[in-house]
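Report on one structure; see the data block that follows.
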Amino acid sequence: MSGLLGLDPALVARARELAARAGAPVVELARSRTTVSVERAVLRVMGVAGADAEGIPWVNRLVDVVAEQVGLGHGVAVPVCDAVLRSGVDRVDAAALTGLAQEAAAGAVRFEVPAGGAGEAARGWARSLAAAGVARIDRQRVERERLVGRWGDPPRRPWVYLIVATGDIHEDIPQAQEAARAGADVVAVIRSTGQSLLDYVPEGATREGFAGTYATQENFRLMRAALDEVSGEVGRYVRLTNYASGLCMPEMAVLAGLERLDMMLNDSMYGILFRDINPVRTFVDQRFSRQVHARAGIIINTGEDNYLTTADAVDAAHTVTVSQLLNEYFAREAGLADWQLGLGHAFEIDPLVPESFRLELAHALLARELFPEAPLKWMPPTRHMTGDVFRGNLLNGFFNLAGVLTGQGILLVGMMTEAVATPWLSDRAIALQNVRYVLGAAGGLAEDFVPAPDGFIVRRAGQVLGEAVALLGRVVDDSLLTAIAQGTFGVMRRPADGGKGRDGVVVQAGDYLNPVSELLEAAADVRVGAGRG
4 MSGLLGLDPA LVARARELAA RAGAPVVELA RSRTTVSVER AVLRVMGVAG
54 ADAEGIPWVN RLVDVVAEQV GLGHGVAVPV CDAVLRSGVD RVDAAALTGL
104 AQEAAAGAVR FEVPAGGAGE AARGWARSLA AAGVARIDRQ RVERERLVGR
154 WGDPPRRPWV YLIVATGDIH EDIPQAQEAA RAGADVVAVI RSTGQSLLDY
204 VPEGATREGF AGTYATQENF RLMRAALDEV SGEVGRYVRL TNYASGLCMP
254 EMAVLAGLER LDMMLNDSMY GILFRDINPV RTFVDQRFSR QVHARAGIII
304 NTGEDNYLTT ADAVDAAHTV TVSQLLNEYF AREAGLADWQ LGLGHAFEID
354 PLVPESFRLE LAHALLAREL FPEAPLKWMP PTRHMTGDVF RGNLLNGFFN
404 LAGVLTGQGI LLVGMMTEAV ATPWLSDRAI ALQNVRYVLG AAGGLAEDFV
454 PAPDGFIVRR AGQVLGEAVA LLGRVVDDSL LTAIAQGTFG VMRRPADGGK
504 GRDGVVVQAG DYLNPVSELL EAAADVRVGA GRG
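Residue numbers (my numbering): 4 to 536.
Right under this line is the structure:
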């Protein structure tokens, strides 16, 4: 799809340069801070698991006590390993750390920040446990590659992405398997309403979600096993998606890596704008979570489509492009490869706007040409769905056609019952029928689609890119945090000193150690160096 719009290479380069300049101060801010959720994620990598009788995870209990006694500025890994060693044992393992969490919750442990030989010993054990945990994630990545080699990928793009979420994981499983049999290549399990605002990850298999199913490690494991089963049946590897967003973004990333999820919703600003989570907390958490995704071989899906549910899809089109460029910068800085960047955009222009479909094509093709190696995630109409299921099915057909014409990588199946009810299985069957028809009838039409030089589509794409570059210039001048506070994205004003989870952000001390990030960054540096060579 490259070259159809005749984009000015100098303008494209300028856009990326400005995105990097806008994002760099945020990266430096993230590098100098940690959060309670990052530290809990570190403990999960080191093997701490389970919860107390009240359902509060042991990682929460342990981090809370360490924070109260010595603070989190040094990181949690060294104080907890030191506490185990001071108990008289000669080795630290996951069972010892989980036992320590139980004792700490009962008030029976006193934490210290060790110095000298004790500090070196604690650091050594922290690094060893982190390496073992990352090795578990590595094995899951290898297993994915093995299964894709055995069963194969879907025979064509875009991959068909379908949402399943009843609230009950045991009801989700048969629906997900049936979706795969009907043509879904990716199954996404929507989280229960409000889970992004929980500052802990629930434990176990759950059956009580509302408008979605709780994301837990056990639910991840059960669904991955179910999709492996149906993958063998349908003869293609069916991918699983969930969410690394909200107050537990880093932990969700770790659990996804440990249980072999394939995609995770992970956007740099979604939680800030649409869940009112503190901006600094979000940027610190998303950097760590993306480092984990990079190592696990997980494709991220970003959330630019959400901007167009609150802002006009024509007037605000350039803000989507700006966010895509920022998401690309933050993702690459964290170690993600271009094939892992499921950058989001959406078919959300009011159908009554003259030439609305041509405008949609211009916006979709602009994203495709700006990010030629990215598996772009193309989102269906929602804002202007009225409850008229016949009109809705027609709009979804046009959405599917736009995805085919512009070479999108991941196509989320639109439901004709959007804005009416949670879809029935029959609704999904009709929606998948729509997708199958378009892919079957016009799957190769992209090779014939050549917009007229200096025609409507080409001019509109150039206009949006120009507006995006102008906005990025203003963001660089004022700072990204200021732009967010001013409501630049999605018409949501979110000041840097406000929002949920602000008290969970901590400035790193001079001796701070995150043994997981240390390991992931070292590996990322090696990959980058090899690429430059």
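We treat Cβ as the ideally placed atom computed from N, Cα and C, and that holds for glycine. Remember, it's a predicted structure, so these values are computed and weren't measured experimentally.
query: 7 Å CB neighbourhood of E363 in its chain, flanking five on each side removed; result: F350, I352, A405
query: Own chain residues within Cβ distance below 8 Å of V151, not counting five before or after; result: Y240
query: C-alpha gap between P161 and L414, whole angstroms; result: 6 Å
query: Residue range of the alpha helix (DSSP H) that includes A3; result: Look at the range of the chain in this structure, 4 to 536, and you will see that residue 3 is not part of it.
query: Entirely enclosed beta strand (DSSP E) segments - the stretch 131-161, minimum 3 residues; result: none
query: Identified DSSP bridge partners for V39; result: DSSP, once it has assigned bridges, lists no residue as partnering V39.
query: In DSSP terms, what T244 is bridged to; result: A191, M266
query: Beta bridge counterpart(s) of P60 as assigned by DSSP; result: A54
query: Assumed close pair E262, F223 - CB separation to whole angstroms, cut-off 8 Å; result: 4 Å
query: Under 7 Å between C-beta atoms of T219 and A168; result: no
query: Collapsed DSSP secondary structure at N339 in the structure displayed; result: The sequence given here places Leu at residue 339; Asn does not occur at that position. Note: L339 maps to coil in three-state DSSP.
query: Unbroken beta strand (DSSP E) run spanning L414, endpoints; result: 413-415
query: As assigned by DSSP and simplified to three states, the class of G564; result: A question about residue 564 goes unanswered here, because the residues of the chain that appear run from 4 up to 536.
query: Contact under 7 Å by Cβ, F333 with N309; result: no
query: Residue range of the unbroken beta strand (DSSP E) whose run includes N304; result: 302-304
query: Boundaries of the alpha helix (DSSP H) in which M252 is found, first to last residue; result: 252-261
query: Paired residues, beta bridge with A510 - DSSP; result: In the sequence as presented, Ala is not what sits at residue 510; that position holds Val. Answer by DSSP bridge pairing, in chain order: R36.
query: Cut-off 6 Å between Cβ atoms - residues of its own chain near A525, not counting five sequence neighbours on either side; result: none
query: With 16 other Cβ atoms within 10 Å as the buried cut-off, status of S454; result: In the sequence on display, residue 454 carries Pro and not Ser. Counting Cβ neighbours within 10 Å, P454 comes out buried, since at least 16 surround it.
query: Continuous alpha helix (DSSP H) assignments of at least 4 residues falling wholly in the stretch 406-477; result: 428-445
query: Runs of beta strand (DSSP E) lying entirely within the stretch 346-414, each at least 3 residues, in chain order; result: 347-349, 380-382
query: T38 and G338 closer than 7 Å at C-beta; result: no
query: For R144 and A299, believed in contact at Cβ under 8 Å, the rounded distance; result: 6 Å
query: Residues sharing a beta bridge with Y164, DSSP; result: V189, L415
query: Distance between H77 and R361 (C-alpha atoms, nearest Å); result: 54 Å
query: Collapsed DSSP secondary structure at T324 in the structure displayed; result: helix
query: Cβ pair count under 8 Å reaching 3, the stretch 101-116 against the stretch 223-233; result: no
query: Local Cβ density within 10 Å of P357, reported as buried at 16 or more and exposed below that; result: exposed
query: Which listed residue (V79, N437, D188, T491) has its alpha carbon closest to that of L103; result: V79
query: Y246 classed as buried or exposed, judged by whether at least 16 other C-beta atoms fall within 10 angstroms; result: buried
query: Among A319, Y203, R89, nearest to G504 - alpha-carbon criterion; result: Y203
query: Test item: CB-CB of A573 and V479 under 7 Å; result: As shown, the chain starts at 4 and ends at 536. That puts residue 573 outside it, with no answer to give.
query: Between the CA atoms of H366 and G534 - distance to the nearest angstrom; result: Note that G534 scores 44 on pLDDT, short of 50, meaning its location in the model is unreliable; the coordinates nonetheless yield the value given after this. Spanning the two alpha carbons is a distance of roughly 31 Å.
query: Check whether V438 and V416 have beta carbons under 7 Å apart; result: yes
query: Own chain, CB closer than 6 Å to G469, minus 5 neighbours either side, in chain order; result: none
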